[in-house]
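All remarks here apply to the structure that follows.
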Amino acid sequence: MPSRCSVDEAVISPIRSLTRRTLATISLMLWPASSTCCEPDCTLSTLVVMSCLISLAASALRCARLRTSPATTAKPRPCSPARAASTAAFRARILVWKAMESITPMMSAILRLLSVIWPMLCTTCCTTRPPCSAAWAAVDAS
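In this text, residue positions in the sequence shown follow my numbering: the first is 1, and each later residue adds one.
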């Protein structure tokens, strides 16, 4: 039994030291990664604007549904399908035209967010890969 314990100890000892070195390298990675865990202030204001624009578009869509003629969904008279279809198409065109007013600022907001996301991406790329020393130590331990 004691000989088996010494064999286990011989296997566990290098793993213990490897674990300590890995913890040291992880703590070095935590500091740069901490800047990416919080949402930048500028994204909050952008998201609020986008949320308002989406709400406006949704309410416009609800209003458009209420204005849609029942002739487009019910069985129309033989002479009215073309007129009902053209009326629905005209209303849809107006809805899209009005939605363009909210789409343009939303696209600008998304582009502003991309400028904030890029530095976060650069930071996380550096911290998600293990340091070379930890990778080499892991190979040595195995």
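Glycine included, each C-beta is placed from N, C-alpha and C at the ideal position.
query: C-alpha distance - residue 122 paired with residue 11, whole-angstrom precision; result: 38 Å
query: CB contact flag (residue 109, residue 50, <8 Å); result: yes
query: Whole-angstrom distance between residue 120 and residue 107, CA atom to CA atom; result: 20 Å
query: Spatial distance of residue 103 from residue 112 (CA atoms); result: 14 Å
query: Beta-carbon proximity check, residue 53 vs residue 105, cutoff 8 Å; result: yes
query: Inter-residue Cα distance where the pair is residue 97 and residue 90; result: 11 Å
query: Residue closest to residue 95, alpha-carbon to alpha-carbon, out of 118, 56 and 45; result: 56
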